[in-house]
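Participant: Residues in the sequence shown are numbered from 1 upward in steps of one, following my numbering.
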Amino acid sequence: MTEPHDLVTMGRVSVDIYPDQVGRPLEDVESFGKYLGGSPTNVAVAAARYGRRAAVVTRTGADPFGRYVHKALKEYGVDDRFVTSVPGLPTPLAFCEIFPPDDFPLYFYRYPKAPDLEIHPHELDLDAIGRARIVWATVTGLSQQPSREATLLALGAHTGHAVIDLDYRPMLWDDPGEAPHWAGRALERATVAVGNLEECEVAVGEREPEAAARAILDRGPDLAIVKMGPDGVLAATREETVRAPAVKVDVANGLGAGDAFGGAVCHGLLAGWDLERVIAFAGAAGAIVASRIACSAAMPTEAEVDALLAERRTG
Ligand SMILES: Nc1ncnc2c1ncn2[C@@H]1O[C@H](COP(=O)(O)OP(=O)(O)O)[C@@H](O)[C@H]1O
Ligand SMILES: O=C(O)C[C@@H](O)[C@H](O)C(=O)COP(=O)(O)O
Numbered sequence: 001m002t003e004p005h006d007l008v009t010m011g012r013v014s015v016d017i018y019p020d021q022v023g024r025p026l027e028d029v030e031s032f033g034k035y036l037g038g039s040p041t042n043v044a045v046a047a048a049r050y051g052r053r054a055a056v057v058t059r060t061g062a063d064p065f066g067r068y069v070h071k072a073l074k075e076y077g078v079d080d081r082f083v084t085s086v087p088g089l090p091t092p093l094a095f096c097e098i099f100p101p102d103d104f105p106l107y108f109y110r111y112p113k114a115p116d117l118e119i120h121p122h123e124l125d126l127d128a129i130g131r132a133r134i135v136w137a138t139v140t141g142l143s144q145q146p147s148r149e150a151t152l153l154a155l156g157a158h159t160g161h162a163v164i165d166l167d168y169r170p171m172l173w174d175d176p177g178e179a180p181h182w183a184g185r186a187l188e189r190a191t192v193a194v195g196n197l198e199e200c201e202v203a204v205g206e207r208e209p210e211a212a213a214r215a216i217l218d219r220g221p222d223l224a225i226v227k228m229g230p231d232g233v234l235a236a237t238r239e240e241t242v243r244a245p246a247v248k249v250d251v252a253n254g255l256g257a258g259d260a261f262g263g264a265v266c267h268g269l270l271a272g273w274d275l276e277r278v279i280a281f282a283g284a285a286g287a288i289v290a291s292r293i294a295c296s297a298a299m300p301t302e303a304e305v306d307a308l309l310a311e312r313r314t315g
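1. What does the shell around ligand 1 hold, if a residue joins when its beta-carbon is under 6 Å from any heavy atom?
2. Across which residues does DSSP place residue 196 in a beta bridge pair?
3. Is the distance from the Cβ of residue 53 to the Cβ of residue 3 below 9 Å?
4. Could you give the residue range of the alpha helix (DSSP H) that holds residue 235?
5. Taking its Cβ as the centre, do 16 or more other Cβ atoms sit within 10 Å of residue 58, making it buried, or is it exposed?
6. Just reading off the alpha helix (DSSP H) that residue 64 is part of, what are its end residues?
7. What do you reckon, is the C-beta of residue 12 under 8 Å from a heavy atom of ligand 2?
8. Do residue 200 and ligand 2 come close, with the Cβ less than 8 Å from some heavy atom?
9. Closest to residue 11 by C-alpha separation, out of 135, 77, 88, 122, would be which residue?
10. By Cβ distance below 6 Å, which residues in the same chain neighbour residue 48 in space, the five residues on each side in sequence not counted?
11. Please confirm whether residue 252 and residue 290 have their CB atoms less than 9 Å apart.
12. Along the chain, where does the alpha helix (DSSP H) containing residue 83 start, and where does it finish?
13. By alpha-carbon positions, which one of 107, 149, 164, 121 ends up nearest to residue 97?
14. Specify, as a first and last residue, the run of the beta strand (DSSP E) that residue 130 falls within.
15. Confirm, please, whether the CB-CB distance from residue 109 to residue 93 is below 9 Å.
16. Around the Cβ of residue 181, are there at least 16 other Cβ atoms within 10 angstroms (buried) or fewer (exposed)?
17. List the DSSP bridge partners of residue 244.
18. What first and last residue would you give for the beta strand (DSSP E) that runs through residue 14?
19. Counting along the chain, where does the beta strand (DSSP E) carrying residue 41 start and finish?
20. For residue 141, which residues from the same chain have a beta carbon less than 6 Å from its beta carbon, with the 5 sequence-adjacent residues on both sides left out?
21. Can you tell me whether residue 295 is helix, strand or coil according to DSSP?
22. Verify the contact flag: residue 96, CB atom, against every heavy atom of ligand 2, threshold strictly below 8 Å.
23. Below 8 Å on the Cβ atoms is my guess for residue 157 versus residue 126; work out the distance and round it to an integer in Å.
24. Is any heavy atom in ligand 2 found nearer than 8 Å to the beta carbon of residue 38?
25. Taking 8 Å as the cut-off, is the C-beta of residue 166 nearer than that to any heavy atom in ligand 2?
26. Count the other C-beta atoms from every protein chain shown that fall within 10 angstroms of the C-beta of residue 20, then say buried if there are 16 or more, exposed otherwise.
27. For residue 285, count neighbouring C-beta atoms within 10 Å of its own C-beta (all shown protein chains included) and say buried if the count is 16 or more, exposed if not.
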């Protein structure tokens, strides 16, 4: 029997094609960098940077960008054994524009259908998922079948931490009005929920941080984590509520901060840290990635996060 994973994430993958020139609309950009992307894929990369044994369950096209996904995962130390291809569907691409400090529009190319929404329940390795110390899934994975059923199955089959990232991208839903219902179904199965204010509002109808955390706990999870971008983080269990202010940085590209945060939350939960330390560490990891252009390629090491926290404590 193989050693259990610390973390198995499931959901979307992409090749992120990000401009080399900052502050320009896509029509004026001259050159681009190519990065591994897709939110849950980035979370696995972030956790692997801390030495965690991470894997991602996703699907690519049977094309060169699909081969790049495997190559990049291996380079980042993420197990790619649960990544399969769907002939006939191209590997998704995600372009962005970079207008610091707070405007980073994303343009997804996931047509005619993203292969990562073709994750079938019967193809899941439920033994490996069940034995992982954390399983991490996203609300976007609930946007279409068969990925929706597979996502709910994985969350429900899991016995350790089952994290639902309330991650909501309206353009990835045929009918965005269905998102609250399916987010609710995932919350019933999850032990931990993570979301920004907009995502909390979609999932539980509240965007005031404490009310949102309480509403999440009422739906089932034991831990609710509310991300507030440059305003920091609030986390609550039924026993305690803690906050972490954001660490001030010069923002280069805010995309990826949430995924850096997610990978760091997993690392902290696995390490058994107290909640205050988990969210302070994760917030600093998010700030580091916000201060860098890339997402997956920018994920920090534990020493980098600790150094930033120490600098801010003494500075
Ligand atoms: N501009 C920023 N400055 C400092 N910290 C940030 C910044 N943006 C994000 N972070 C940190 O990263 C966390 C996650 O980022 P956030 O933007 O809230 O997530 P998402 O990208 O999922 O909306 C935040 O709660 C915060 O701690
Ligand atoms: O999958 C996506 O949402 C796009 C990703 O490829 C990209 O890396 C990203 O935007 C991550 O954003 P986050 O949710 O702000 O961490």
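Glycine included, C-beta positions come from ideal geometry on N, C-alpha and C.
Facilitator: According to the structure shown:
1. 196, 227, 228, 229, 230, 232, 233, 246, 247, 249, 251, 254, 257, 258, 261, 283, 286, 287, 290
2. 227
3. yes
4. Run containing residue 235: none in the alpha helix (DSSP H); it sits in the beta strand (DSSP E), 233–236.
5. buried
6. 64–76
7. yes
8. no
9. 135
10. 54, 76, 77, 78
11. yes
12. Note, residue 83: premise wrong, no alpha helix (DSSP H); beta strand (DSSP E) at 83–86.
13. 107
14. Unbroken run through residue 130 is the alpha helix (DSSP H), 126–131; no beta strand (DSSP E).
15. yes
16. exposed
17. 233
18. 14–19
19. Element bounds for residue 41: not the beta strand (DSSP E) but the alpha helix (DSSP H), 39–49.
20. 11, 147, 151
21. coil
22. yes
23. 5 Å
24. yes
25. no
26. exposed
27. buried
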